[in-house]
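Undergrad: One point on numbering: in numbering that gives the first Met the number 0, the residue at position 4 of the sequence shown is 3, and numbering is uninterrupted. I have a structure I would like to understand better, so I am pasting it below and will then ask my questions one at a time.
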Amino acid sequence: MASVLIVQALQKGPCGANQIAYTDIGSADKLSEQGLDLRNAANKTLPSWLLPNLTAHALKASSQPDAILFLPSTVCFSRVTTRNSNFQRLAKDKKLNPNQCEVHLIEFKFCEDTRPDPQLQKAKAQHSVLIANLNRQGYREVKLHVILVGVMGTIYKDYTDKSLADLYLNYHKIINLTHKLNEHSIRHASVLIKTRYALQHNTSNNSRGLGLGATAHNPPEPH
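Printed below as a string of structure tokens:
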């Protein structure tokens, strides 16, 4: 769910849906139900035109970030317009040189509120081979944007706000998005705490021969 919130914000941002080349945040039907128009984006498997030198097997085995933005190298707030809305199609038709393009990998992770760095390093290691393959393809810039939020809702200046700003979201969109991410994290943490309490309570009752009682619900996936 958190990754969906981020992609929703990007879709409404200056880059728009046309620049989202790939997502791995849910099925196409579920994303459509949540108002995401990603008809031009590959889902679950990296698009072959992004890494034409890799085999289909290698693409399928590659690490999969939550989303990929594919942008012209001159991207800025005023330049992402309908003029380059077909940028992906030009790339697919091999009418653009890789050195005219930027590839932005997006990875969201929850982390310990007081120890965000391990998850940051984990994301970097997770996508290191993919980044190396993209660099070998000759793209002008390949960048990994790791967006971290604490499991109890902590929003970080360097690991949340800055990461979102680097994706061309303005101040107001970042404030709105981080508020939603904070609320989502707190709800998720509350479910985990209630589930743990229910499991401990049921285990205690069972050990006393009182039966299991009500079954605790499984916590939702954080994404």
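Virtual Cβ for every residue (Gly too), placed ideally from N, Cα, C.
From what residue to what residue does the alpha helix (DSSP H) around isoleucine 67 run?
TA: Here isoleucine 67 belongs to no alpha helix (DSSP H); instead the beta strand (DSSP E) covers 66-71.
Undergrad: Would you call the region 59-75 and the region 112-121 touching, i.e. three or more CB-CB distances under 8 Å?
TA: no
Undergrad: Are the region 8-21 and the region 58-72 touching by the rule of at least three beta carbon pairs closer than 8 Å?
TA: yes
Undergrad: I'd like to know whether the C-beta atoms of glutamate 106 and alanine 124 end up nearer to each other than 7 Å.
TA: no
Undergrad: State the start and end residues of the unbroken beta strand (DSSP E) segment that holds valine 141.
TA: 140-149
Undergrad: Grouping DSSP H, G and I as helix and E and B as strand, with all else coil, what is arginine 38?
TA: coil
Undergrad: Sorted by chain position, which residues of the same chain lie with C-beta nearer than 6 Å to valine 145's C-beta, five sequence neighbours on each side aside?
TA: Glu106, Leu119, Ala122
Undergrad: Hey, out of Leu176, Ala197, Tyr196, whose CA is closest to leucine 4's CA?
TA: Leu176
Undergrad: Do you know how far the Cα of leucine 180 is from the Cα of asparagine 17?
TA: 24 Å
Undergrad: Quick one: Cα of threonine 159 to Cα of valine 148, how far?
TA: 7 Å
Undergrad: Quick one, which of Ser127, Cys14, Gln136 has its alpha-carbon nearest asparagine 98's?
TA: That would be Gln136, whose Cα lies nearest to the Cα of asparagine 98.
Undergrad: Determine the DSSP secondary structure at threonine 44, reduced to helix, strand or coil.
TA: Assigned with DSSP and collapsed to three states, threonine 44 falls in coil, not helix or strand.
Undergrad: Kindly indicate the opening and closing residues of the beta strand (DSSP E) around leucine 4.
TA: Run containing leucine 4: none in the beta strand (DSSP E); it sits in the alpha helix (DSSP H), 1-11.
Undergrad: Taking lysine 156 as part of the beta strand (DSSP E), name the residues at either end of that continuous run.
TA: Where lysine 156 is concerned, there is no enclosing beta strand (DSSP E), given that its DSSP letter is neither H nor E.
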